[in-house]
Every structure is written in structure tokens, then in C-alpha cells.
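Below is one structure, written out as C-alpha cells; comments come after it.
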Amino acid sequence: MRVKASSYPYVAWALLFVAIPLGLIVYFSFTDAAGSFTLDNIIQAGIYSNVIIKSVWLSVISTVICLLLGYPLAYIMSRSNPITARTILLLVMLPMWMNFLLRTYGWMTILENNGILNQFFGLFGLGPFEMINTQGAVVLGMVYNYIPFMILPLHSVMSKIGNDVIEAAQDLGASPISVLSEVVVPLSMPGIKTGIIMVFVPAVSTFIISQMLGGGGNQLIGDIIELQFLGNAYNPNLGSAISLVLMVLVLMVMSVSGFLSDDNLEERVL
Amino acid sequence: MRAFARTYLGVFMAFLYAPIIVLIVFSFNESKGRTFTGFTGKWYVQLFSDAAVMDALFTTLVVAFVSSIVATIMGTAAAIGLNNMEGKLKSGIMGMTYLPIINPEIITGVSFMLLFVVAKDFLGGLGVPFQFGWATLIIAHITFNVPYVILNVLPKLRQMDGSLVDAAMDLGCNHWQAFTKVVIHEIKPGIIAGFIMALTFSMDDFVVSYFTTGAKHQTLSVLIYSMTKKRVSPEINALSTIIFVVVLLILITVNLVERRNINKARKAQLERKREGGSFG
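Protein chains in written order, with the working numbering: chain A, 267 to 536; chain B, 549 to 828.
Here you go:
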């Protein structure tokens, strides 16, 4: 059976609902409200360079923390027996079935000025500490929400590193640190790359975490885009221009990391 | 090392489950505020008579099931066609397939909004009424669901022995019969995995729904989002607790069944070894 035509409905669908909408973002970026060509939107988007830098900075910090916290966990999983590893994996995935807005709302309850943590500190006569509406809270929210996306690809790569490889290195006299740096880390590099992309992309484009945990003072790129489309500042042309900047940024990060040229892209994204 | 691993796991899980435990505890809170004043089960009862919550739940389920079913059919058909393609055409289509997955969600959401705004103007000019609502939500969800189906089905098609289809057709099947009698059984696990993935992503989606929803029907996530601006009703906590417990029970059951199968397979293997040993 060499049928190709069965994919045509999807091709038509994707052209209409994937390609054309993205084309519209480009079109709106370079036109004004009347529809004539202009570069004003792109220039205006430059006003928000501070916000863009802040978004990138906070997501880089979050991505690094996710890697530092997720790596040991994935390593522990890869060295335990299959049933334990499966159970840990399920426990990591399970929270994702609870709506993420609610989980973030849960963090608000914990971090508030008269929230659970501050009430706890109060028992010892400490605080109250100002935790909510800070950059730290935004980073915490990003790490919390996106760390499963780091652990999954790490786990799928590391579970394929055989115990014999590690034992061979040990037999040849490698210290635990050089086993890690010379064997385990190089072998898990594809997982690290994927994990970085899978955390960085949603983190840099979020607008909910910054709104809920960052208060009004920690606006990120996503907040500014949302404001242009659904906020009072309704200006889809400017919004499109900022979206275009975000898209270019994400594509740049992906091509630098070699993510797009990966032969196993299919395996990586699932 | 063992002790370190245990401690690390414990602390990590505490971090992961802290807000979830808070949510569950507050679903039993007497008052609507964010301080615990006393135990009650009333939110679990009120939940079912709250029209806004029930309507949002209904919308979420309808959108999720309709979009996942359409996406599964369209995606499976697309995967079969793609499997028979080569070269530039295939990589072009695959590129379009990866786009919604690797693009930031907000870009996908915003691009849909632009499309529907333009469509509204255009159709309005022709005298055709068009509004944000069921159609826009479902179209958007189908679009971000199809790639997951395609990417789950394609590997199964590649693993399939191509001569099976040739054999079926030699024996007199037409294309459609070869599909329903042979191909579909070979790729069923991929189709099911794709469908479940689509369903999960659709029910969990907030960002795309937020940009494509109309004034009338909101999904649960959009309703929750509008509540977080003021105060989330404990009814939502109660509903989430119910969903969480249901998912937990399903996962435990699946896990137990699998564990039993693994143990069975192991026992069988041991037995075979023992028998083999007695021969030697």
C-alpha cells in the first residue's frame, strides 16, 4: 500500500491553521492598523528590551536550577531497579494531572506574607519574610512547573547507560567524580540538551507564573504580549512584533544547542 | 550513597507535592479565604450545583474528546501518507508538524487569535456571522493535538513489516480492507498512545484556550484563571481533588497490573532456566 493521499486533509489543515496564522504574525508585525507597511512595531518592541533581558535571565536561572536538581534524580532513577524507577517516574508525572494554575495558586498560599511558610517561621519568632511578588518566587514557580520536562528526557537517556559501562570505568581506576564527568555526563548529553530546551522555551514565554507569583513588578515577555492582545493596551500589531522577537529568540537558542538538527528529534519531543 | 538517595528523593517529593497537599487540605476549609478555619465537606456538594463550574467542566470534556477524536483520525491518516513519502515534501510536512510542539504556547495562541480575528472580519464582510466559541476552541485544540498522534503512530508504521500489506492485497483486499484488517492492528498501540496524549494535553491546556475562547463557553482552566485574579472558590479545589484521586487510582491499578505481569514473566523465565539446567 503506497497511499500518500491520506495525508492531504492534514496537510491542508496544517497550512490553514499552522502556516497561515504564523504568517499573520509576520504580516501584522510589519503593518500598522490601516494595513500599510511600517517598521514602527519592531522599533517599539525595542522599548521592552529590559523585559526581554529579564525574561531570558530568569529562565536561564530556572533552567540551570532544573538541571542541577533534576540530574541527581534522573541518576538515582537510572541506578535503581525498574519497578522503583517506574514508581518515581509516575510520582514525578502525577502532579501534571492537577491543573497547573491551581498548583501555582497553591504556591501563592504557601508563600504569601501571612501564608503557611511565614506562619511556620512565626512560630520561631522569625519573619515575616517577603517571598511572594519577588523574582525568587517567579524562579520557584518556573522550576516547579517545568522540572518534569527536564527529568523525562534525562531519564530516557540515562536509563540506557548500562551498569557495565560504569563498572568498567570503576575497574579501570576512575574516581566517582571522573566516572561522572568522563562517562555519565558525556553519555547523557542528548538528554541534557533536550531538557534545557524543554524547560527554557515555556519558561521564557510564560505569563501566568510571573503574574501569579511575581506581582505587578515582574512582567515578562509573555505578559507584554498578552497585554497587547487581551489587555487594555489592545494593539495586535505591536503584540505580533514582540511575538516575532520571542520566536526568533527561541529559534536561535534551539539552533545554537543543535536541537533542530538532531536526527532523533521525534524521540526527543515525545 | 543509599541514604543520600533516599533523603534526596524525600525532599524532592515534598517540594513536588507541597502545593498539591495545600490544595487538597483547603478543599475541606470552612471559609473561602486562604487561612484554614475549620473542617467541612460542603464544597464537594456545592460543586455539583454550581452552574459555572459544571458548564466549564462540560466544555472542557466536549472540547477534549471532540478534538482528540478528530485529531486521532486525521493524524493516523496523515501518518500513513507520510510513511509513504520521501524527500523534501516529507520534511516540509514534518516541519509543519513539529512547529506547534516546539513553538512557545503563547505564540500558537496569539497566531490563532489573529487568524480568527481576520476570519471574523472577512466573513462578516460576506454577511456570515462568526464568533469566538466552540468552533474556534475545537479548531485550535485539533491543531495542537494532531502532531502528537502523528509522532506516536509514525514509529509503529515504520516498525511494521511492509510485506504484510502486500500479502493482504495479494489475497484480494483493497486499500481500505488492508487498513482495517491488517494495518490498524499493527499500529493500534501508537494510535491509543496518541489519543491519550491528545486528551491529556487538551484537558490541561490553558494558554491556547485563553486566546481562542469566546465570551459564552469557558474551559475549566480559563475559569480557574479568572478566579485566581480574585479568589479561587474551594469548589475548584474539591473538583481538582476528585480528578487527582481518580487519576491516582487509575495509575495505581495500571502499575499493579504491569508489576504482576513483570513478576509473572520473571517467574516463567526462572522456571525455564531451571528446566534447562536439569538437562545439563
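Every residue, glycine too, gets a C-beta built ideally from N, C-alpha and C.
Chain A contact for ARG582 of chain B (CB, 8 Å cutoff): Proximity of ARG582 of chain B to chain A, defined by a Cβ-Cβ separation below 8 Å, is satisfied.
Proximity test, Cβ basis, 8 Å: THR400 of chain A and chain B: No, THR400 of chain A does not count as interfacial toward chain B.
Assigned secondary structure, THR555 of chain B (DSSP; H/G/I helix, E/B strand, else coil): Helix.
One or two residues paired with PHE587 of chain B in a DSSP bridge: According to DSSP, which records beta bridges pairwise, PHE587 of chain B is partnered with B:ASN577.
Range of the contiguous alpha helix (DSSP H) that encloses ARG582 of chain B: Here ARG582 of chain B belongs to no alpha helix (DSSP H), and DSSP marks it neither H nor E.
Per DSSP, cross-strand counterpart(s) of PHE303 of chain A: In DSSP, PHE303 of chain A forms a bridge with A:THR297.
Contacts that GLU653 of chain B makes with chain A (C-beta to C-beta distance below 8 Å): Residues of chain A passing the Cβ test: PRO468 and SER471.
Whole-Å CB distance - GLN485 of chain A paired with ILE508 of chain A, under 8 Å assumed: Not a contact, Cβ separation roughly 12 Å.
Residue of A:THR400, A:THR353, A:SER321 and A:GLY457 minimising C-alpha distance to MET374 of chain A: Answer by Cα proximity: A:THR400.
Distance CB(LEU662 of chain B)-CB(PRO502 of chain A) smaller than 8 Å: The answer is yes: Cβ separation under 8 Å.
Beta-carbon proximity check, LEU705 of chain B vs ILE735 of chain B, cutoff 8 Å: Going by C-beta atoms, LEU705 of chain B is nearer than 8 Å to ILE735 of chain B.
8 Å CB neighbourhood of TYR773 of chain B in its chain, flanking five on each side removed: Hits under 8 Å: PHE754 and TYR758.
Same chain, Cβ closer than 6 Å to PHE743 of chain B, neighbours up to 5 away in sequence not counted: Cβ within range, chain order: SER616 and THR620.
Residues near SER471 of chain A by beta carbon distance below 7 Å, same chain, minus five either side: Counting only Cβ-Cβ distances below 7 Å, and skipping sequence neighbours, we find ILE487, GLY488 and LEU512.
Any C-beta of chain B under 8 Å from that of MET478 of chain A: Answer yes: the Cβ-Cβ gap between MET478 of chain A and chain B drops below 8 Å somewhere.
Nearest candidate by alpha-carbon position, reference LYS426 of chain A, set A:GLN436, A:ALA285, A:LEU356 and A:ASN347: Comparing alpha carbon positions, the residue from A:GLN436, A:ALA285, A:LEU356 and A:ASN347 closest to LYS426 of chain A is A:ASN347.
Inter-residue spacing [alpha-carbon to alpha-carbon] between LYS320 of chain A and PHE560 of chain B: Distance between the alpha carbons of LYS320 of chain A and PHE560 of chain B is about 27 Å.
CB of LYS764 of chain B within 8 Å of CB of GLY657 of chain B, strictly: At a Cβ-Cβ threshold of 8 Å, LYS764 of chain B and GLY657 of chain B do not count as neighbours.
Residues near ILE398 of chain A in its chain [Cβ-Cβ closer than 6 Å; skip 5 each side]: The residues are LEU377 and GLU378.
Separation of PHE390 of chain A from THR767 of chain B, as counted between CA atoms: Here the alpha carbon of THR767 of chain B sits roughly 43 Å from the alpha carbon of PHE390 of chain A.
Cβ of LEU797 of chain B within 8 Å of any chain A Cβ: Taking Cβ atoms only, chain A never reaches closer than 8 Å to LEU797 of chain B, which makes this a no.
Neighbour-count burial assignment, ASN835 of chain B, 16 or more Cβ in a 10 Å radius: As shown, chain B starts at 549 and ends at 828. That puts residue 835 of chain B outside it, with no answer to give.
CB contact flag (PHE664 of chain B, THR760 of chain B, <8 Å): Cβ atoms of PHE664 of chain B and THR760 of chain B: closer than 8 Å.
The stretch 365-382 of chain A: positions lying closer than 8 Å to chain B by Cβ: Closer than 8 Å at the C-beta level to chain B, one finds these residues of the stretch 365-382 of chain A: ASN365, PHE366, LEU367, LEU368, ARG369, THR370, TYR371, GLY372, TRP373, MET374, THR375, ILE376, GLU378, ASN380, GLY381 and ILE382.
Under 8 Å from the C-beta of ILE354 of chain A: neighbouring residues of chain B: Those are LEU557, listed as they occur along chain B.
Minimum Cβ-Cβ distance from ASN809 of chain B to chain A less than 8 Å: ASN809 of chain B does not count as touching chain A.
Proximity to THR789 of chain B [Cα-Cα], best of A:VAL317, A:GLY372, A:GLY301 and A:LEU515: For the set A:VAL317, A:GLY372, A:GLY301 and A:LEU515, the Cα lying nearest the Cα of THR789 of chain B is the one of A:GLY372.
Selection from B:PRO652, B:VAL770, B:LEU630 and B:GLU653 that minimises the alpha carbon distance to MET642 of chain B: Of the listed residues, the one whose Cα sits closest to MET642 of chain B is B:LEU630.
Other residues of its chain near VAL608 of chain A: CB distance less than 8 Å, five sequence neighbours each side excluded: Nothing about residue 608 of chain A can be reported from this structure: the residues present for chain A run from 267 to 536 only.
Alpha-carbon spacing of SER579 of chain B relative to ASP752 of chain B, whole angstroms: Computed Cα separation, rounded: 28 Å.
Contact list for THR691 of chain B against chain A, beta-carbon separation under 8 Å: Close partners of THR691 of chain B in chain A (Cβ separation under 8 Å): TRP279, ALA280, PHE283 and VAL284.
DSSP state of SER826 of chain B mapped onto helix, strand, coil: Model confidence at SER826 of chain B stands at a pLDDT of 49, short of 50, so the residue's coordinates are unreliable; what they give is reported in the following sentence. In the structure shown, SER826 of chain B sits in a helix (DSSP, three-state: H, G or I).
Assumed close pair LYS459 of chain A, SER523 of chain A - CB separation to whole angstroms, cut-off 8 Å: Going by Cβ atoms, the distance from LYS459 of chain A to SER523 of chain A rounds to 5 Å, so yes, they are a contact pair.
Straight-line gap, LYS590 of chain B to SER575 of chain B (C-alpha atoms, nearest Å): Between LYS590 of chain B and SER575 of chain B, the C-alpha separation is close to 9 Å.
Alpha helix (DSSP H) segment containing MET642 of chain B, residue limits: For MET642 of chain B, the enclosing alpha helix (DSSP H) begins and ends at 635-650.
Proximity below 8 Å, CB of ALA726 of chain B to CB of SER273 of chain A: No; because the gap between Cβ atoms is not below 8 Å, this pair is not in contact.
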